[in-house]
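Undergrad:
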Amino acid sequence: MEKQKTPQRLQSLDALRGFDMFFIMGGATLIAAIAAFWPNDFTQWLAAQMDHVKWDGLAHHDTIFPLFLFIAGISFPFSLEKQRFQGKTEGQIYKKIIRRGLTLVLLGIIYNGFLGHWDFANARYASVLARIGLAWMFGALIFMNTKWKTRVVIVAVILVGYWLVSAFVGAPDHPGADPLTREGCLAGYIDRILLPGKIYYGDYDPEGIFSTIPAIATALLGMFTGEWIKYDKEGLTPAKKTLYMVYAGIAFLVIGLIWNTFYPANKMLWSSTFVVLVAAYSVLMFALFYYIIDVKNHRGWILFFVVIGMNSITIYLAQHFINFQYISNRVFGGLIGMTPETVQPFLNAAGYVAMCWLFLYFLYKKKVFLKV
Numbered sequence: 012m013e014k015q016k017t018p019q020r021l022q023s024l025d026a027l028r029g030f031d032m033f034f035i036m037g038g039a040t041l042i043a044a045i046a047a048f049w050p051n052d053f054t055q056w057l058a059a060q061m062d063h064v065k066w067d068g069l070a071h072h073d074t075i076f077p078l079f080l081f082i083a084g085i086s087f088p089f090s091l092e093k094q095r096f097q098g099k100t101e102g103q104i105y106k107k108i109i110r111r112g113l114t115l116v117l118l119g120i121i122y123n124g125f126l127g128h129w130d131f132a133n134a135r136y137a138s139v140l141a142r143i144g145l146a147w148m149f150g151a152l153i154f155m156n157t158k159w160k161t162r163v164v165i166v167a168v169i170l171v172g173y174w175l176v177s178a179f180v181g182a183p184d185h186p187g188a189d190p191l192t193r194e195g196c197l198a199g200y201i202d203r204i205l206l207p208g209k210i211y212y213g214d215y216d217p218e219g220i221f222s223t224i225p226a227i228a229t230a231l232l233g234m235f236t237g238e239w240i241k242y243d244k245e246g247l248t249p250a251k252k253t254l255y256m257v258y259a260g261i262a263f264l265v266i267g268l269i270w271n272t273f274y275p276a277n278k279m280l281w282s283s284t285f286v287v288l289v290a291a292y293s294v295l296m297f298a299l300f301y302y303i304i305d306v307k308n309h310r311g312w313i314l315f316f317v318v319i320g321m322n323s324i325t326i327y328l329a330q331h332f333i334n335f336q337y338i339s340n341r342v343f344g345g346l347i348g349m350t351p352e353t354v355q356p357f358l359n360a361a362g363y364v365a366m367c368w369l370f371l372y373f374l375y376k377k378k379v380f381l382k383v
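So the mapping is simple: the numbering used here equals the position in the sequence shown, first residue as 1, plus 11.
Next comes the structure, spelled out in structure tokens:
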């Protein structure tokens, strides 16, 4: 009997996750600072991409959160295979899925400052981590209990259903308001009546209850991608898998651009159009990283991103509790102070990124990884 192979880890996933988190780890500020000493139309446009749009629309900074969730989705089929290879029961796997989802919710509450106040009434319970945890958790439970055709139907129902409800059903407490505005959206109304504690904008929370539903579709689309990479069929080479992912990305892009003409992409609402457009970006970015790293085996450049990607939750939380800017100032402040003022914002940002990365590199060398 042939010995079963141990499931392998995709380095492209760690690198892409690190690339994504680089922008949260000061990379966005670093890139935006280029415009200060090299002002032109392109650098100004690039700097604008390093911030969120106010409501409707899409900038690069709006893709960071959904790409992370998409990557978490890609990872799950591999994680599931590994757990089954290790002999874990379905019950144990379910328990781990639910524990991970709820742990991320708890970490999100801690990130929001709960431990500093212990104020249950005014704490903010919604968060980026909670959105990732819940969307991934429900996506994983769906994945484990359905075939791929059923999952296609579920994703379609989520996206079309969310579009119809969010576009045509407004908030009852704002009669006459456009359902696709912050004041008139049903998502805000649901948050106001059901979300406990503090709502981020007072009347609307971008990580609220109703808008978590389409985020489940984002996680499931990532799981489709991971399942596709794992799919084994004679003649279906990794290069062909990459090509089909490119086709899928182009299809998502076309559908999203058409949908955007009458139902705008909106990260705050996590609109169905937003889901489709960021799916296009996510699958194309993964196809690029997968082809370069795992298909062509060009890995000499990936350490910088892998170090970040293997401790992504760590650096997200650490920046909230460790003053990396203070450390950077103590190490580089004197040298930066001797440079021209136009260059200093860039060098300050570079110093911040360097301190964060060295912290993660220390953990990487010691093989210390925060696993949720």
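Glycine is no exception: its CB is placed at the ideal position from the N, C-alpha and C atoms.
Here the structure is a predicted model, which means the values were calculated and not measured.
#1: With distances taken Cα to Cα, identify the nearest neighbour of Ala43 among Ala360, Tyr242, Gly84.
#2: Drop a sphere of 10 angstroms on the beta-carbon of Gly127, count the other beta-carbons inside from all chains shown, and report buried for 16 or more, exposed for fewer.
#3: Once DSSP output is grouped into helix, strand and coil, what is the label at Asp52?
#4: List the endpoints of the continuous alpha helix (DSSP H) containing Val383.
#5: Give me, in chain order, the residues of the same chain whose beta-carbon lies closer than 6 Å to that of Gly362; leave out the 5 immediate sequence neighbours on both sides.
#6: Between Leu191, Asp189, Asp216, Tyr292, which lies nearest to Ile201 when the distance is taken from Cα to Cα?
#7: Buried or exposed: where does Glu13 fall if 16 or more other Cβ atoms within 10 Å of its Cβ makes it buried?
#8: Going by C-alpha to C-alpha distance, which of Glu218, Ile35, Trp147 sits closest to Ala230?
#9: Per DSSP, Gly344 forms a beta bridge with which residues?
#10: Looking at Gln22: is its Cβ nearer than 8 Å to the Cβ of Arg310?
#11: Under the three-state reduction of DSSP, which class applies to Arg20: helix, strand or coil?
#12: Using a Cβ distance threshold of 8 Å, determine whether the stretch 106-125 contacts the stretch 240-260, with at least three qualifying pairs required.
#13: Please determine if the stretch 48-59 and the stretch 267-279 are in contact, where contact requires at least 3 C-beta pairs separated by less than 8 Å.
#14: By Cβ distance, which residues of its chain are closer than 7 Å to Ala259, with the 5 residues on each side in sequence left out?
#15: Quick one: any contact between the stretch 306-325 and the stretch 279-298, if contact means 3 or more CB pairs under 8 Å?
#16: Measure from the alpha carbon of Phe235 to the alpha carbon of each residue in Ser282, Met32, Ser86, Gln355, then state which is nearest.
#17: Would you decide whether Ile35 is buried or exposed? Buried here means 16 or more other CB atoms lie within 10 Å of its CB.
#18: What number of angstroms, rounded off, separates the C-alpha of Lys382 from the C-alpha of Phe335?
#19: With 16 as the cutoff for other CB atoms within 10 Å, does Val166 come out buried or exposed?
#20: Go through the stretch 294-340 residue by residue and report every complete run of the beta strand (DSSP E) that reaches 3 residues or more, in order.
#21: Considering just the uninterrupted stretch of the alpha helix (DSSP H) at His128, what are its terminal residues?
#22: Quick check: Phe81 and Phe357, are their CB atoms within less than 8 Å of each other?
#23: Have a look at Ile304 and Phe315 and give me their C-alpha separation to the nearest angstrom.
#24: Please report the residue range of the alpha helix (DSSP H) in which Val166 lies.
#25: Strictly by DSSP, which residues pair up with Cys367?
#26: For Arg135, write down the residues that DSSP places opposite it in a beta bridge.
#27: How about the stretch 84-101 and the stretch 118-134: do they share at least three Cβ pairs that are nearer than 8 Å?
#28: If you follow the alpha helix (DSSP H) that Thr236 is in, where does it begin and where does it stop?
#29: Can you give me the C-alpha to C-alpha distance between Gly218 and Val180, rounded to a whole angstrom?
#30: Drop a sphere of 10 angstroms on the beta-carbon of Thr74, count the other beta-carbons inside from all chains shown, and report buried for 16 or more, exposed for fewer.
#31: Can you give me the start and stop residues for the alpha helix (DSSP H) that Ile35 sits inside?
#32: Using a 10 Å radius around the Cβ and a threshold of 16 neighbouring Cβ atoms, would you call Lys278 buried or exposed?
#33: Which same chain residues, not among the five before or five after Asp189, have their C-beta less than 7 Å away from its C-beta?
TA: In terms of the structure at hand:
#1: Taking only the C-alpha atoms, the option nearest Ala43 is Ala360.
#2: Looking at its Cβ environment, which holds fewer than 16 other Cβ atoms inside 10 Å, Gly127 is exposed.
#3: Looking at Asp52 - three-state DSSP - the assignment turns out to be helix.
#4: Counting along the chain, Val383 falls outside any alpha helix (DSSP H), and DSSP gives it neither H nor E.
#5: Same-chain partners within the cutoff: Ser339, Phe343.
#6: Measuring from the Cα of Ile201, the nearest candidate turns out to be Asp216.
#7: With a pLDDT of 39 at Glu13, under the threshold of 50, the predicted position of this residue should be treated as unreliable, and no value is reported.
#8: Relative to the Cα of Ala230, the nearest Cα in the group Glu218, Ile35, Trp147 belongs to Trp147.
#9: The beta-bridge partner set that DSSP reports for Gly344 is empty.
#10: Contact: yes.
#11: Residue state, collapsed to three classes: coil.
#12: Contact fails: fewer than three Cβ-Cβ distances are below 8 Å.
#13: Inter-segment contact for the stretch 48-59 and the stretch 267-279 is absent: fewer than three beta-carbon pairs are separated by less than 8 Å.
#14: Contacts found: Val294.
#15: The stretch 279-298 and the stretch 306-325 do not touch, with fewer than three beta-carbon pairs separated by less than 8 Å.
#16: Nearest option by C-alpha distance: Ser86.
#17: Answer is buried; the Cβ neighbour count reaches 16.
#18: If I take the Cα positions, the gap works out to 22 Å.
#19: It is buried - the Cβ of Val166 has at least 16 other Cβ atoms within 10 Å.
#20: Counting whole runs of 3 or more residues, the stretch 294-340 contains no beta strand (DSSP E) stretch at all.
#21: Unbroken alpha helix (DSSP H) run through His128: 125-128.
#22: Result no, Cβ atoms of Phe81 and Phe357 do not sit closer than 8 Å.
#23: Distance between the alpha carbons of Ile304 and Phe315: 14 Å.
#24: Membership of Val166 in the alpha helix (DSSP H) is indicated by the continuous run 159-179.
#25: Residue pairing by DSSP leaves Cys367 without any beta bridge partner.
#26: Answer is Gly208, bridged to Arg135.
#27: Result no; under three Cβ-Cβ pairs closer than 8 Å.
#28: Looking at the DSSP string, the run of the alpha helix (DSSP H) that includes Thr236 is 223-241.
#29: Per the sequence shown, the amino acid found at residue 218 is Glu instead of Gly. Glu218 and Val180: Cα-Cα distance of roughly 19 Å.
#30: Per the 10 Å Cβ criterion, buried.
#31: Element bounds for Ile35: n/a, residue is neither H nor E.
#32: When all chains shown are included, Lys278 counts as buried.
#33: Around Asp189: Gly195.
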